[in-house]
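Heads up: the structure comes next, in structure tokens.
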Amino acid sequence: MAQTIAIPGQLLGPSSKYVAGPGTHIHEANLYSSVLGTVTIAQPEKKIAPGPAKRLTKIAGLPSSSAQLPTISVSLTGISEKREVLPEVGNVVLCRVTRIQPRQATVAILVVGDTVLEAEWQGVIRPPGRARHREGQGQDLRELPARRHRASAGGESNRFLSEPISLGDQASYYLATASNDLGVIMATSEAGNVMYPVSWKEYRDPETGLNENRKVAKPF
Amino acid sequence: MADRRRINGPVGATTPPIFDKPAGPAAAKTRDAIRKIFLKTGITPSASGSAYLELENPNPQRPGNTSLKLSCTVHGPRSLPRSAPFSPHIILTTHVKYAPFATRQRRGYLRDSSERDLGVHLETALRGAIIADRWPKSGVDIIVTVVEGDQDRDSPRAKKDDEGWDMMNVLSGCITVASAAIADAGIDCVDTVAGGVAALVCKDDKTAPTIVMDPVVAEHGSILAACCVAYLPTRDEITNMWFKGRLPGADMMVYDKLMEKSLVACRCANRVIVQELNETVKKGQGIS
Amino acid sequence: MSSTSQHLLLSPAELAYLHGSLSLITPGPIRPDGRSPTQFRPLTAETGILPGTNGSARICFADGTEAVVGVKAEVEKTPVPPYEFVASTEGRKDHSGTPKKSGRKSKKTATEDEISMDVDDEADEEAAGANEKVRGSPDWVELSVEIPGLRDDDSGTVFLTSMLTEALLADGEFVKKLWINRRFHWKLYLDIILISPPLSYPLPLLSLTTHLALLATRLPRLKSEADEDPMFDDDWAAATFLYPLQDTSSGKASNKSSKQSSAAAAAAPASRPPITLLVMAVGDNIIFDPSKEELAVADSAVAVSVAEGPSSEPEPESESIPATTTKRNLHLLSVRTIDPPSRLTPPGVPNSVNAAAWGTMTAATPTTTTAATAPSSDGGAAKHPDARVTETEDVVGVWKAPRGGAKFGMLGAMVAKVLREAASPRRFWMGLRVWI
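Chains as they are written, first to last, in the numbering used here: chain A, 1 to 220; chain B, 1001 to 1288; chain C, 2001 to 2436.
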């Protein structure tokens, strides 16, 4: 399929016909490209039933008209791998633990979605004990991976799947693992061995046979 | 300020010995266009985005005649240092640095005030073009290296009173090359900003001054006023304007004409950017 | 980061309100401090406060910002450019006898092309010297700006310095005042110090203070003649103003008398030092001398430097282009756009998007099981259209940091308005004149 090339500032169409996707911007009721790349037009998905999601803070109904319009976006996907993205609320990110403190784990975000990041962004995961009872933040982390063996270096090589829940503060994104498919996917024991998961909350060291507590991800 | 950590070359302008009669100022071609621009993106693999710009040398036969050569690298968006406060926008940092050999007068390794000044102009020009709120909490460094600074080496006139008119040309080149490099880096922009210069020049005191685009300083007897503009063509907006000089009287007519001419120069430069960016995408499509 | 972008604690709602009131068209802009669009902030000023300088001034704005400028002059030898070295040394030998030189000068007819470096370039030099007798070089002025809390090489300070320097040097007229003879010139050091912390963008204050200091600057009277080593009159009372007063009788009077009486005499100088004004545009309104809060909602800001030249002396350049001779004979010296700090203000969130964002966020959580492997470019974006990039149309009352630049017409209108305002003497120059 021959894709249309867009350069920044190129007119894509009136904003009444499309919804602005990534890589576009609105100026005077028209949609313009804001990055270099190819134009993608995604037809709106059929509305999935909202399911059992709680909608506590719902104030007004979604403007249904805009939901029916196709989304137009511009991206360099498939053309250049050097596309930097920012972690966003709703993405799944892969992180590496860099520092464990009693109340939080500091992580480095390595992958956002399927994009490997060039720059290193910092994130923070907090355990539920310190929950601030704000939306989505209560269940940050069921079990902090290295709570009991903070001193060991083993905690630092844990790999996480998690989800940003907020843009965070000046230094870090706030992340959560509050979902079945999120959590530790690669763990190292106190002895320094790579462990395998045995339950939703435990990893086992194959050499020593000891179990260690982790919030285990179930990606499949 | 002397840089004591390095062994520096001779201070001051070096004048090559000329035994022949100098050719005199280059004949100012009556061209109603800017010099040809060579622009290429993606020249620095380690940077997020990069571009190289070179202006056509109008008189390649003349000894010591140079044109403008600029290289721009964009690093980022990347996370801000720990100490930086929270920012809902991308923090733009611009560095313009002359290579030590870029001009008649040797430049040190530390940025001097004119380089910093150019950096601020460039920042203003780019800040209007990028969509800063797309990249919260992040920073981007834009580094422009002036490899050749568009200073004619053997123009006696320019030596006598170096009024820094060539800085305008350098700035417009910096804007154009940085715009291409930012697009290459994938940072959101409202438009491809391009730089252009127009100047009010006169050959000598007898003739009437005329307005030219993209003035080659050595070609003209004297420059009365010049204007460098950063322009967004599709939005028809100006993000940076730098005018200096002396206009006869409080006449807005000349000023407006000068501005219009520099906008024409911007549009010309923008066409080069658009073409090069299209090619960048096509090349990427061919590979994948 | 430039010094325009200091953090200002205004919420998006406040910014939107301020922007709205400043962009009103029918009654004109309503400014927070009740000024008219072209009105300046009230100020107090005094000159001659530093006895060790050739000229000094202090200005205090009502918002508490205060600046001091000292002007010091030194006699300096004019360096000989390498190309003219041979010519000038020979010339200098000749000049030991002064009358001979003047005779030689008058003989030359000064029409040779100055650039041709030939056998007769000595003659050329002579001719050039006789023709444009007074020359100046940008090196003769050294201007330094100090702003508390900022480094000397901070880009904001450098930008201010170069802007103020540019205003002085743009037309090449100012440096000609520093010419003593062919071998010597005055070197002028302008030290501009902001005493208070930079509460607002200090450009107008610094420019005004510099303007006043230069008006008050006096140089010792030259006693020697022509190209001799310069000798000066020791009597400070006989020192001449750098910007001489127009009326010679009142000028003499003010030279002898004290400052108060000279203020009473109030003779207008024939020409004036350049002045740089800060103008900003909000909507279709043009606002002069914006305060910090106003600058935070500016769509664009421009610094315009103008100077008033002597109206009697027609410039050689101005003859060729038919210029409508205005009575004030104002020159536009330089224009620079200033990066308005409004581009760094936090945006507001429209209500509709706000509610929708909550909706998508809660709805999105269960669906991430599939999104984990979906490409983030289209699949993820389709699911979270409002996750971070809430790209919406402009909503009235919701602040959005301005994007893009200024229209061509608006920039032209701003410059034109500055020239028009500065040309009306009552408003503008009169207030400053009293302080000399």
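Yeah, the Cβ is synthetic: ideal placement off N, Cα and C, and Gly gets one too.
Residue i, DSSP secondary structure in three states
{"i": "Q2039(C)", "result": "coil"}
{"i": "W1135(B)", "result": "coil"}
{"i": "D1256(B)", "result": "helix"}
{"i": "P2366(C)", "result": "Here P2366(C) scores only 34 on pLDDT, less than 50, and its place in the model should not be relied on; the value that follows carries that caveat. Three-state DSSP puts P2366(C) in a helix."}
{"i": "P2274(C)", "result": "strand"}
{"i": "H1089(B)", "result": "coil"}
{"i": "G945(B)", "result": "Given that chain B is displayed from residue 1001 to residue 1288, the structure contains no residue 945(B) and the question cannot be resolved."}
{"i": "V1120(B)", "result": "helix"}
{"i": "Y2243(C)", "result": "coil"}
{"i": "I1034(B)", "result": "coil"}
{"i": "T1280(B)", "result": "helix"}
{"i": "R150(A)", "result": "Residue placement at R150(A) cannot be trusted, given a pLDDT of 37 that sits under 50; what the coordinates show is reported in the next sentence. It is coil, neither helix nor strand."}
{"i": "V2297(C)", "result": "coil"}
{"i": "V1197(B)", "result": "strand"}
{"i": "T1094(B)", "result": "strand"}
{"i": "A2237(C)", "result": "helix"}
{"i": "V1264(B)", "result": "helix"}
{"i": "M2001(C)", "result": "Confidence at M2001(C) is low in this model, with a pLDDT of 42, below 50, so its placement is unreliable and the value that follows should be read with caution. If DSSP states are grouped into helix, strand and coil, M2001(C) belongs with coil."}
{"i": "N211(A)", "result": "strand"}
{"i": "R2151(C)", "result": "coil"}
{"i": "F2232(C)", "result": "strand"}
{"i": "F2288(C)", "result": "strand"}
Any C-beta of chain E under 8 Å from that of residue i
{"i": "D114(A)", "result": "Protein chains A, B and C are contained in the structure displayed, whereas chain E is not."}
Where the alpha helix (DSSP H) containing residue i begins and where it ends
{"i": "A2067(C)", "result": "Per DSSP, A2067(C) belongs to no alpha helix (DSSP H); it is in the beta strand (DSSP E), E2066 to K2077."}
{"i": "N1169(B)", "result": "D1166 to A1185"}
{"i": "T1977(C)", "result": "No answer is possible for residue 1977(C): it lies beyond the span of chain C, which begins at 2001 and ends at 2436."}
{"i": "D2013(C)", "result": "It should be noted that the sequence gives Ala, not Asp, for residue 2013(C). Run containing A2013(C): P2012 to L2022, per the alpha helix (DSSP H) assignment."}
{"i": "V2418(C)", "result": "F2408 to A2423"}
Nearest-angstrom Cα separation, counted from residue j out to residue i
{"i": "P2438(C)", "j": "V2398(C)", "result": "In this structure chain C extends from 2001 to 2436, so residue 2438(C) is not present and cannot be described."}
{"i": "A1366(B)", "j": "G123(A)", "result": "What the structure shows of chain B is the stretch from 1001 to 1288, and residue 1366(B) is not part of that stretch, so it cannot be assessed."}
{"i": "E1148(B)", "j": "L2178(C)", "result": "34 Å"}
{"i": "A60(A)", "j": "K17(A)", "result": "Unreliable placement is indicated for A60(A), whose pLDDT of 46 sits below 50; the coordinate value is still reported in the next sentence. The straight-line gap from Cα to Cα measures roughly 23 Å."}
{"i": "Y174(A)", "j": "R1134(B)", "result": "18 Å"}
{"i": "E84(A)", "j": "D1150(B)", "result": "35 Å"}
{"i": "P70(A)", "j": "S33(A)", "result": "15 Å"}
{"i": "A1225(B)", "j": "V1254(B)", "result": "10 Å"}
{"i": "A1218(B)", "j": "Y1098(B)", "result": "19 Å"}
{"i": "D2121(C)", "j": "G2070(C)", "result": "Confidence is the limiting factor: at D2121(C) the pLDDT is only 41, short of 50, which leaves the residue's position unreliable, though a coordinate-based value still follows. Taking the straight line joining both Cα atoms gives about 41 Å."}
{"i": "P1332(B)", "j": "W121(A)", "result": "Coverage of chain B is limited to positions 1001 through 1288, which leaves residue 1332(B) absent and any answer about it impossible."}
{"i": "A1183(B)", "j": "S1050(B)", "result": "9 Å"}
{"i": "Y2017(C)", "j": "P164(A)", "result": "33 Å"}
Bounding residues of the beta strand (DSSP E) (the contiguous stretch that carries residue i)
{"i": "E2439(C)", "result": "It is not possible to answer for residue 2439(C), since the shown part of chain C is limited to 2001 through 2436."}
{"i": "K1069(B)", "result": "L1068 to S1079"}
{"i": "V124(A)", "result": "T115 to I125"}
{"i": "F160(A)", "result": "R159 to S166"}
{"i": "T40(A)", "result": "G37 to A42"}
{"i": "S2200(C)", "result": "No beta strand (DSSP E) contains S2200(C), which DSSP labels as neither H nor E."}
{"i": "T1347(B)", "result": "Here chain B covers residues 1001 to 1288 and nothing more, so residue 1347(B) does not appear."}
{"i": "C1359(B)", "result": "One cannot answer for residue 1359(B) here, as it falls past the ends of chain B, which runs 1001 to 1288."}
{"i": "V1229(B)", "result": "S1222 to L1232"}
Contact belief for residue i with residue j at Cβ below 8 Å, rounded distance in angstroms
{"i": "A2413(C)", "j": "S2305(C)", "result": "That belief does not hold up - the Cβ atoms of A2413(C) and S2305(C) are roughly 17 Å apart, past 8 Å."}
{"i": "T2161(C)", "j": "S1113(B)", "result": "7 Å"}
{"i": "L1232(B)", "j": "A1129(B)", "result": "6 Å"}
{"i": "T1094(B)", "j": "I1142(B)", "result": "5 Å"}
{"i": "A2296(C)", "j": "P2341(C)", "result": "6 Å"}
{"i": "S1222(B)", "j": "V1201(B)", "result": "7 Å"}
{"i": "T1041(B)", "j": "A1181(B)", "result": "7 Å"}
DSSP beta-bridge partners of residue i
{"i": "I2193(C)", "result": "V2068(C) and E2146(C)"}
{"i": "N1059(B)", "result": "Beta-bridge pairing links N1059(B) to no other residue."}
{"i": "R2336(C)", "result": "W1242(B) and A2303(C)"}
{"i": "W2179(C)", "result": "H2185(C)"}
{"i": "H25(A)", "result": "Y32(A)"}
{"i": "T2165(C)", "result": "The partner list for T2165(C) (beta bridge, DSSP) is empty, contrary to what the question assumes."}
Cβ-heavy atom distance, residue i to the ligand GDP, below 7 Å
{"i": "M2163(C)", "result": "Absence of the ligand GDP is noted for the structure shown, with no ligands found whatsoever."}
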